[in-house]
Structure formats: structure tokens, C-alpha cells
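Chains as they are written, first to last, in our numbering: chain S, 24 to 278; chain W, 1432 to 1668.
Just so you know, even glycine gets a beta-carbon here, dropped at the ideal spot from N, CA and C.
For clarity, every value in this text was computed on a predicted model and none was experimentally measured.
See structure below.
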């Protein structure tokens, strides 16, 4: 397993895209913090950009990388290696590459400009989001044989999690406006890692006071320690479930 | 050494292999022959565990290969079309394989690397190689670790006459050392002086598995290509 990780890591390091992504994030976060005179405002602007970009890049890069290394996987599978460890190494390397890029590109500027609880929360959720979307991407890539279909599905999933899901929630809210939906909303937010991250970060900021009654209910849940721990457990489940599903699929896949 | 019993494989509705059973032993050199799409490559991939059979089982040295992986250390595999990571050089691919296989340096057999002249182009990237050179790399890798079993899928396709003679000589010496060798090829004339047994497949089914002397006797033909042609005609009149 160590050897496989080594060779995949060398290959990814040679890839300019990871470096480019890191530099882009760095430019973006330093730029945003310098544009706003108030660094909390800067954090809010950064939040919206990061919640869009981090999942998209993590997902697309991983999917394309897996398809491009099809030959490499084929070569490894015909060697005396466990399939589990081949796929797991790929997952680990991709996830750590994306998480490290995020940490260097966005995490360090956040720590410099806004070393508060909010900043720390944003860094933690950003790293978790990177890993979650790498795992979702791995699952899409292993499930679909066709490259175009796989990349298309990845984009669709990203669109779902970052836009369509919110639309669906709004639709439900308006349809059932007569009923008390606050508790259900908390459960719904667990179904989307991006929403969950957004709520976690927003509640750390003062703007949550503007969110009205729902905001108060959210604060009551996510503001407590149990709520916080529970949400992080949910985020970890979002990593583990796609990862184990993709490993199981890869073990039975015909190459 | 390799025992397949009632192996079947379906790709969707297409039945690539149906109820294939055979036994191969050390020292045999087996030709896997059949028309295009008869399931030869699928069968080989099943043995290597690259394709998971939908029914039946394969055992290697008495152990089931399902969920096992160590047995592959004893197999040298040369694929039909060698596909390697594009931005690695020949030298990197070879050293990576040595690293992965944790090869014993004493057992390394780099004769083919020398004879194919690969050592002079170790720095060339895989992407820039011609199909023939890629085949040479595949062949060199298959023989590199001195494995007990060699599985060669269309070994001479794309090789120039000199290289294919070198490879044939190598196959013969390995076969004489008591190794199990499985070859698929469409160029039957070059199998004549190599093989001891013939497995003939058609539409995913194993039609027969015979020693080459028996095949010659049964068909009355001395050349393998003529003998197989006679069989094919008798199967599809």
C-alpha cells in the first residue's frame, strides 16, 4: 500500500492542476480579505465562493483523474496487490491532495486574517467538504464506465448539492408553510453536506441573528455542543459511506 | 496448477464465457485458440482476477483465486495492448514494478530488456512509444520476475520479425524449464514449434482441450494452422 501511495502521489504532484488550484484559492482569499475593510465581512464573501468552488474542483479533478489513470489501475490490478489497497490508496492520495490545497490556499489566509472560532470552523468544514466531494467523485467514477457520462454525472451531482437541493427545500417550505417545519429542516440540512457546512459557519457569525425564528431553532440545535458534534459526525458519515460503497464496487469491477 | 471449473461470465446480456472447465499443469505450453470474440481474453482476465466470474470458480495451486491476490506474484502477464501511465518513462515503469513486486534481485531476469534494446531508451515516456515498443515493454515486464506461470495475450502482434524471434526463443527456454505457459495468438504458424496443448474456444464455450499430437492424429494434418482450419470447418459446416 505504501508503494502505491508513493507512485500515485508522485503522479499527482507532477500534475499542475493541484498547484494551480492552490494558487487560485490563495489569490482569492487574500484578495477578498484585502478588499473588505472588515475581515468578518471578508469571511462571509469567502464563504459563498468557497462553498461553490471547493466541491466543484474536488469533484471534477478526482473524476477526471480516476478516468485518466484507468491504465494505471489496470496495470496494478494484474499485479500481486489487494484491490482494496489500490482503491484506498487512490482515495487517500486524492483526498489529502485536495485537503492540503484547501489548507494552504484558503486555510492559512483565514488563520492570518481571521483567527477566530468562525475562521477555524470554516477551515474545518472546508477540509471536510474537500474530502467528502472527492469520495462522492470516486463513487461516480467507479460506477460509470463511460468517461463522458461519469463527468456529466459528477457535474450534475455538484449542481444538485449546491443549487437544486436548496430549491427543493424552499419548495417544501412554501408548500407546507402552515406546518411547523423547523425540526424537519434540521434533518433536511443533514442530507446535504454543503448546507450543513453553511449553517455551521453562519451560526458562528453574528448574522444568524437576522435569520428569524428558524435561525433561533437552528441556533438551539447547532449552537449546542451535542448539535455540533452530531453535525461533524454526519459530515464524517458523508465521507465514509461513499468511500466504502466505492471500495465495494471496485472490488467487483471488471477491468 | 490452474483449474477452472464451470466458469461463466456475463457482460449484461452478452455471455462472454459459458461453462468453461479445464486443468493446466506445470511444464505445459498451451495455445488458446478461437475466432475473434470467442472469450479468450476474458478467460485470461478471469484467471488474473481482473474480471470477476459470474459463475464457477478458478483455483491456482489448489487455492481459490476469489479474494486472493498473492497468487498473482507467480504470474507474468503480457496484455494484448499494453497500457501504461502516459507520463512515466520506461525506466520508471520497470522500477515501479520491481518496487511493487518486492522482487528478489537474484531472481530478476532482464534478458529481454537487454535483447530488445530497451536499456538505451529508459528515459523515453510511455506516451511517445510506438505500439511495437510498448509490446516489448510488456513482454520484458512479463518475464522480468521469473514467474512460474506466463500468460501471453497475442505476444507477437505488432512486434517486428527480429523481436518476435527473440520472444519465441525466450518462451521456448522458459517452457523447457518446466513453467506453465498460456498463449493466445492468431498467427498459428508461429505456435507450431511452441505449444504442447491446444484449447479451442468458440462463442464463449470450450470446444476441446487436446494434446497437439492427438489433434494432429485426429485431423490428419501436420501443421497446426491446417489442423485448426479442419476443425473449424467441421464445427461450422
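Nearest-angstrom Cα distance between residue 161/S and residue 1454/W?
Straight-line Cα distance between these residues: approximately 38 Å.
With a CB to CB cut of under 8 Å and the five nearest residues on each side skipped, what residues in its chain are close to residue 223/S?
Answer for residue 223/S: 144, 148, 245, 251 and 254, listed in chain order.
Cβ contact check for the region 125-140 of chain S and the region 48-58 of chain S: 3 or more pairs under 8 Å
The answer is yes - the region 48-58 of chain S touches the region 125-140 of chain S, with three or more Cβ pairs under 8 Å.
Less than 8 Å separating the beta-carbons of residue 220/S and residue 74/S?
For residue 220/S and residue 74/S, yes; Cβs fall inside 8 Å.
Measure from the C-beta of residue 88/S to each C-beta in chain W and report whether the shortest distance is under 8 Å.
Put simply, the CB of residue 88/S is far from chain W, with every gap to its CB atoms at 8 Å or more.
How is the beta strand (DSSP E) around residue 167/S delimited, first residue to last?
For residue 167/S, there is no enclosing beta strand (DSSP E), as DSSP marks it with neither H nor E.
Does DSSP classify residue 1464/W as helix, strand or coil?
In the structure shown, residue 1464/W sits in a strand (DSSP, three-state: E or B).
CA-CA distance, residue 70/S and residue 153/S?
Straight-line Cα distance between these residues: approximately 14 Å.
Proximity test, Cβ basis, 8 Å: residue 26/S and chain W:
A Cβ of chain W is located within less than 8 Å of the beta carbon of residue 26/S.
Alpha carbon to alpha carbon, how far is residue 155/S from residue 196/S? Give it in angstroms, no decimals.
Their Cα atoms are separated by approximately 27 Å.
Report the residues of the region 253-275 of chain S with a CB closer than 9 Å to any CB of chain A, ordered along the chain.
Within the model displayed, chain A is absent; protein chains S and W are what it includes.
According to DSSP, what are the bridge partners of residue 1508/W?
DSSP, once it has assigned bridges, lists 1582/W as partnering residue 1508/W.
Would residue 1481/W pass as an interface residue toward chain S - the criterion being a Cβ-Cβ separation below 8 Å?
Among the residues facing chain S, residue 1481/W is included, as its CB has a counterpart in that chain under 8 Å away.
Here's the rule I'm using: 16 or more other beta-carbon atoms within 10 Å means buried, otherwise exposed. How should residue 24/S be labelled?
Exposed, since its Cβ has fewer than 16 Cβ neighbours within 10 Å.
For a cutoff of 8 Å on Cβ pairs, would you count residue 1553/W as touching chain S?
Taking Cβ atoms only, chain S never reaches closer than 8 Å to residue 1553/W, which makes this a no.
Going by the beta-carbon positions, is the gap between residue 1440/W and residue 1477/W smaller than 8 Å?
The criterion of a C-beta distance shorter than 8 Å is satisfied by residue 1440/W and residue 1477/W.
Please go through the same chain and pick out, in chain order, the residues whose beta-carbon is closer than 8 Å to the beta-carbon of residue 167/S, but skip the five residues on each side of it.
Shown here for residue 167/S: same chain residues with a beta carbon closer than 8 Å to its own, the five before and five after excluded, namely 173 and 176 in chain order.
Using the beta-carbon count (16 or more within 10 Å), is residue 215/S buried or exposed?
Residue 215/S should be labelled buried.
Quick check on residue 1607/W: buried or exposed, where buried means 16 or more other Cβ atoms within 10 Å of its Cβ?
Residue 1607/W counts as exposed, since fewer than 16 other beta carbons sit within 10 angstroms of its beta carbon.
Taking only beta-carbon atoms, is residue 169/S less than 8 Å away from chain W?
It does not: the Cβ of residue 169/S has no partner Cβ on chain W nearer than 8 Å.
Residue 57/S to residue 72/S, Cα distance in whole Å?
Approximately 15 Å, taken between the alpha carbons.
Quick one: is residue 278/S near chain W, going by C-beta distance under 8 Å?
With a threshold of 8 Å between beta carbons, residue 278/S makes contact with chain W.
How should residue 1461/W be labelled, buried or exposed, when 16 other C-beta atoms within 10 angstroms of its C-beta is the threshold for buried?
Under this definition residue 1461/W is a buried residue.
Rounded distance between the beta-carbons of residue 1535/W and residue 1575/W, thought under 8 Å:
Actually they do not touch by this definition, with Cβ atoms about 12 Å apart.
Those runs of the alpha helix (DSSP H) which lie wholly inside the region 128-161 of chain S and span at least 4 residues
List check, alpha helix (DSSP H) in window: 131-136.
Can you list, in chain order, the residues of its chain whose CB lies under 7 Å from that of residue 211/S, leaving out five sequence neighbours each side?
These residues qualify, in order along the chain: 192.
Between the alpha carbons of residue 104/S and residue 1553/W, how many angstroms are there, rounded?
Their backbone Cα atoms lie some 25 Å apart in a straight line.
Supposed close pair residue 208/S, residue 257/S - CB separation, criterion 8 Å:
Rounded, the Cβ-Cβ distance is 14 Å, inconsistent with contact.
Between the region 1600-1615 of chain W and the region 1638-1655 of chain W, are three or more C-beta pairs nearer than 8 Å?
Flag = no, the region 1600-1615 of chain W and the region 1638-1655 of chain W do not touch.
Length of the line joining the Cα atoms of residue 186/S and residue 243/S:
Near 26 Å, if we compare the C-alpha coordinates of residue 243/S and residue 186/S.
Are the region 1511-1521 of chain W and the region 1566-1583 of chain W in contact at 8 Å, needing three or more beta carbon pairs?
Verdict: yes, contact present.
Helix, strand or coil, according to DSSP, for residue 41/S in the structure here?
Here DSSP, grouped into helix, strand and coil, assigns residue 41/S to helix.
Within-8 Å CB hit, residue 41/S to chain W
When Cβ-Cβ separations below 8 Å define contact, residue 41/S makes no contact with chain W.
Of the listed residues 157/S, 60/S, 40/S and 97/S, nearest to residue 267/S (C-alpha basis):
The residue with the shortest Cα to Cα distance from residue 267/S is 157/S.
Can you find the residues in the same chain that come closer than 6 Å, C-beta to C-beta, to residue 1656/W, ignoring five residues on each side of it along the sequence?
Cβ contact annotation for residue 1656/W (same chain, cutoff 6 Å, sequence separation greater than five): 1619 and 1620, in chain order.
Which of the three DSSP states, helix, strand or coil, is assigned to residue 1530/W?
Residue 1530/W: helix per DSSP, three-state reduction.
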